[in-house]
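The structure under discussion appears below in the form of structure tokens.
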Amino acid sequence: MNTTPQAIYDLAVSFAGEHRTYVEETVQACKALGLIVFYSHDMGNDWWGKSFIKEQRTVYGSQTRFFVPFLSTEYLAKPIPMDEFSSAMMTAVKQGDGYILPVLIGDVQVPAELLHPHIHYLRAEDHTPDQLAEQLRTKVRGAQARGHLPRDVGTVVQEAMELRLPKVVPAHFSKYRELEAVFEYLGVQFQGAEPQLEPLGFVTTVNRIQDRISIRIEQQGQVVYALDIYKGGDMGDDKLHFGLDHHRGLSRGINGWAEPYFNRQAQKPMLKMMDFSVLGSLGSSGDREFTKEELFMALWERIVERLEQ
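722 is the number of the first residue of the sequence shown in this note's numbering; add one for each residue after it.
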């Protein structure tokens, strides 16, 4: 078992070999100010980033408060950006989470996809190594004062390397199971809401009989609202069907239907509803989308509107 204590750094630097002198002087100035810096003295090639992943894997178990890439034309021209770590590091720069502190060297033009214009950076030409070290010390001391802990370098690299994955319908999603869940949810919600109307003079009855929920609201013995919710029907057995005033026995037509589906963008089940009049569309049909919770609230709001008339 490896019992070596985890190293903790204030800064870790990355640079092209052409700018070793400036970077090394900055590192020495930082150390003189009491900062702990990870800096590879014996790298086997001219770009620390490649040495980092191929020869300095021990730093993956280390932590640092800030990562400081010295971006230059030479830095970006190397073939190393294809390396997994450098790609991850540049992605982290793009994300701009405050962990990466870019320093630009020379007249480098950093592509917008690598360095967002809103991300703050410093230019080496505006700072001597001593001045840059002072700036870095200010950042480190500020982070310490705010209680920001050092981050694991390997974790940051892995987070940056995570690619966006396609949003798909989960393999376990079933519209029929979701239909059953919505039907049960509406039944429970209406039964729970039933007693709340009685103090206002409305007598509410909610019956759940097989594939139908019947809601009847009476006032002084007169039915003032009637809604039937059917699981399955003429528009398909994968839909909820809504019928108003079916208690009169004059019509079995429907006033709307709702079909469960999985919303890939929202990554959750929803209902696509065709509403004719159950929600008060006054005969003009149109698609609406709801979660089951939103659908219940929309139905309840419509009931309240009808009772207030």
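We put the beta carbon where it would ideally sit given N, CA and C, even for glycine. On a predicted model such as this, the values are computed, not experimentally measured, just so you know.
Since G964 is in the beta strand (DSSP E), which residue starts that stretch and which ends it?
For G964, the enclosing beta strand (DSSP E) covers residues 961-965.
Is it right to say M1018 is buried, meaning 16 or more other beta carbons lie within 10 angstroms of its own, or is it exposed?
exposed
8 Å Cβ cutoff met for L1016 and A987:
no
Local conformation of K888 per DSSP, three classes:
The answer is coil: DSSP assigns K888 none of H, G, I, E or B.
For G908, which residues of its own chain have a beta-carbon under 7 Å away from its beta-carbon, when the five flanking residues on both sides are left out?
R929, I934
Residue range of the beta strand (DSSP E) that includes G977
977-984
Check each candidate in R985, F736, E1026 and name the one with the smallest Cα separation from V945.
E1026
By the 10 Å Cβ neighbour count, where 16 or more other Cβ atoms means buried, how is P790 classified, buried or exposed?
buried
Same chain, Cβ closer than 8 Å to P850, five either side skipped, listed in chain order
If we look at P850 and ignore the five residues flanking it on each side, its Cβ neighbours are Y743, E746, T747, Q749, A750.
Provide the residue span of the alpha helix (DSSP H) that contains D851, from first to last.
850-866
What does the alpha-carbon distance come out to for the pair D966 and D1008?
22 Å
Run the CB neighbour count on A854, radius 10 Å, all protein chains shown included, and call it buried at 16 or more, exposed below.
buried
How is I826 classed by DSSP in three states: helix, strand or coil?
coil
8 Å CB neighbourhood of I729 in its chain, flanking five on each side removed
Counting only Cβ-Cβ distances below 8 Å, and skipping sequence neighbours, we find I757, S783, Q784, T785, P871.
If you run the structure through DSSP and keep just helix, strand and coil, what is T742?
Reduced to three states, the DSSP call for T742 is helix.
Take G819 as the anchor and find which of V924, L732, E795 has the nearest alpha-carbon.
Of the listed residues, the one whose Cα sits closest to G819 is L732.
Measuring alpha carbon to alpha carbon, tell me which residue in L1000, Q856, H869, Y796 is nearest I950.
L1000
Where Y820 sits in the DSSP three-state scheme
coil
Beta strand (DSSP E) containing E919: first to last residue?
Per DSSP, E919 is not a residue of any beta strand (DSSP E), being assigned neither H nor E.
Span of the beta strand (DSSP E) holding E1010?
1008-1011
Per DSSP, which residues does Q940 bridge with? Please list them.
Q943
Considering only the beta carbon of each residue, do I975 and F963 sit closer than 8 Å?
yes
Please identify the residue among T926, K1013, V734 whose C-alpha is closest to the C-alpha of R914.
In the sequence under discussion, the amino acid at residue 914 is Ala, which differs from the Arg named in the question. The residue with the shortest Cα to Cα distance from A914 is T926.
Nearest by alpha-carbon distance to H848: which of I1024, T794, V824 is it?
V824
Helix, strand or coil for Y951? Go by DSSP, reduced to three states.
strand
D996 versus L961, F923, H968, R985, residue with shortest Cα-Cα distance:
L961
For P990: DSSP bridge partner residues:
F983
Identify which residue in A866, L948, G957, D958 has its Cα closest to the Cα of R969.
Of A866, L948, G957, D958, the residue nearest in Cα terms is L948.
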